[in-house]
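Q: Here you go, one structure.
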Amino acid sequence: MSLLARYLAREIIVATLIVLIAFLGIFGFFDLIEELDSIGRDGYEAHHALVYVAMSLPGKVYELMPIVVLIGTLYALTQLAKSSEITVMRASGLSTAGMLRILGMVGLFFAAITFVFGEYLAPPAERAAQQWRLTVTGSPVSNQLRTGAWVKDGRVFINARTVHPDRSMEGVRVFEFDEHQALVAISLARRGVYDAQTKLWRLTEVRQTRFAKDRTEVVEVEAIDWQSNLSPDVLSVLIVAPERMSVATLYAYVTHLRDNRQNADRFEIALWKKVVYPFAALVMMALALPFALQHDRMGAVSIKVFLGVMLGVGFHLLNGLFSHLGVINAWQPALAAVTPSLLFLIAAAVMLFGVERR
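Laid out in structure tokens, this is it:
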């Protein structure tokens, strides 16, 4: 990497880091304000809220990364343009294509950070935050569902009255059907705990009723091991939004839904968004370049930064809008996920072409 590329990269990275810290402080403060309504209820205290907000920050980093990259790049390049450094660089032979290559290298760095946060840091942190809050308040995961949680696994339907934050289950009912959709057995268990080593569910205090052609058998056992594709990762969808889950977990759940002939559109769109989202940093950097190439000695840095904020918020809203429209209108998941980034990339190309023609 040349000296000029290192200089530009340093200015952009420092500016983006400052913007990220500022945004995390703002959003963390608003999240804490939102938690105030829950403080004092069910044993939920102020320090619990602070821990919950702190554990949610990796997810905020992932969500905000394209926006802060846009604002940080816009601020850094506008400052360089204001001091005529961009003009000197271009006079010394740095072409627009060369600047795009430099921004592309820096953008890949931010894309890698976004991927790491989205795949390895944010999902476990978000799951831990939700489990922390549910554990502190003593609330079950499935308390918002009047009949508990329902999951389909092949020809088996599982109903758990209560799913705890550790993803153990209480009040488990297992309905087994044959290939003709006839009910063949109902199993009632007081509790179900997943063994990660054997990958089996341990059901305790089980009462099983089997339906034969001419009779009914009732068997009671202390405990049985039950093999199922239902795993804690599948149950994690009850406490973590699809957009906060990892690619691996989303893929496993989408596969589970497809195998059971269930609608997986929402989760497929979330999966494609997880794949595409890191590259939004590249799009945002390309969008910032036309502003830097405008030879405005007066600067108007604050105006351009404000415009960057508006563009970033617009991208975030458009990303969410297309996700909902994709689910409602049954669009192709890849199309719904890629369209916002593609639209902003086209806008960046049009703006850059317009600046170059002046």
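Residue numbering for the sequence shown follows this note's numbering, starting at 2 and increasing by one per position.
For each residue, glycine too, the CB sits at the ideal point set by N, CA and C.
With DSSP as the reference, label Leu21 as helix, strand or coil.
A: Three-state result, Leu21: helix.
Q: With the cut-off set at 8 Å, would you say Val20 and Ile72 are in Cβ contact?
A: Yes; because the gap between Cβ atoms is below 8 Å, this pair is in contact.
Q: Do the CB positions of Gly155 and Arg162 come within less than 8 Å of each other?
A: Their beta carbons are not under 8 Å apart, which means Gly155 does not touch Arg162 by this criterion.
Q: Taking the alpha carbon of Phe28 as the reference point, which residue from Val54, Leu5 and Trp332 has its own alpha carbon closest?
A: Taking only the C-alpha atoms, the option nearest Phe28 is Val54.
Q: For Val107, which option in Thr97, Val255 and Ile13 has the closest C-alpha, if you only look at C-alpha atoms?
A: The option with the nearest alpha carbon to Val107 is Ile13.
Q: From Ala224 to Glu46, what distance separates their C-alpha atoms?
A: If you take the alpha carbons of Ala224 and Glu46, they lie about 38 Å apart.
Q: Does the Cβ of Pro125 have 16 or more other Cβ atoms within 10 Å, making it buried, or fewer, making it exposed?
A: It is exposed - the Cβ of Pro125 has fewer than 16 other Cβ atoms within 10 Å.
Q: Looking only at its chain, what residues have a beta carbon closer than 6 Å to the beta carbon of Asn160, apart from the 5 residues adjacent to it on each side?
A: For Asn160, where only same-chain residues beyond five positions count, the Cβ hits under 6 Å are Gly149, Trp151 and Arg174.
Q: Ala348 to Thr340, Cα distance in whole Å?
A: Approximately 12 Å between the Cα atoms of the pair.
Q: In terms of residues, what are the limits of the beta strand (DSSP E) holding Val152?
A: Run containing Val152: Ala150 to Asp154, per the beta strand (DSSP E) assignment.
Q: Residue range of the alpha helix (DSSP H) that Phe354 falls in?
A: Segment Pro334 to Arg358, the alpha helix (DSSP H) holding Phe354.
Q: Using 8 Å as the threshold, is the segment 55-68 in touch with the segment 102-118, meaning 3 or more CB pairs across them?
A: The segment 55-68 vs the segment 102-118: in contact.
Q: Determine whether the beta carbon atoms of Arg191 and Thr210 lie at a separation below 8 Å.
A: No, they are not a contact pair.
Q: Mapping the DSSP letters down to three states, classify Ala183 as helix, strand or coil.
A: Coil, per DSSP.
Q: Can you check whether the CB of Ala112 is closer than 8 Å to the CB of Phe280?
A: Contact: yes.
Q: Looking at the unbroken alpha helix (DSSP H) that takes in Ile270, where does it start and where does it end?
A: Unbroken alpha helix (DSSP H) run through Ile270: Asp266 to Val277.
Q: The alpha helix (DSSP H) spanning Glu64 covers which residue range?
A: Note, Glu64: alpha helix (DSSP H), Ala47 to Lys83.
Q: Residues in the same chain with beta-carbon distance under 6 Å from Gly327, minus the five sequence neighbours each way, listed in chain order, please.
A: For Gly327, where only same-chain residues beyond five positions count, the Cβ hits under 6 Å are Ile270 and Ala337.
Q: Indicate the three-state DSSP secondary structure (helix, strand or coil) for Leu204 in the structure shown.
A: Strand, per DSSP.
Q: If you draw a straight line from the alpha carbon of Ala98 to that of Met286, how long is it in whole angstroms?
A: Cα to Cα, the separation comes out at about 13 Å.
Q: Terminal residues of the continuous alpha helix (DSSP H) containing Glu127?
A: Looking at the DSSP string, the run of the alpha helix (DSSP H) that includes Glu127 is Ala123 to Thr138.
Q: If I'm right that Pro67 touches Ala293 with Cβ under 8 Å, what's the distance once you round it to whole angstroms?
A: Actually they are not in contact, since the Cβ atoms of Pro67 and Ala293 sit about 18 Å apart, beyond 8 Å.
Q: With respect to the alpha helix (DSSP H) encompassing Val255, which residues constitute its N-terminal and C-terminal limits?
A: Run containing Val255: Val248 to Asp260, per the alpha helix (DSSP H) assignment.
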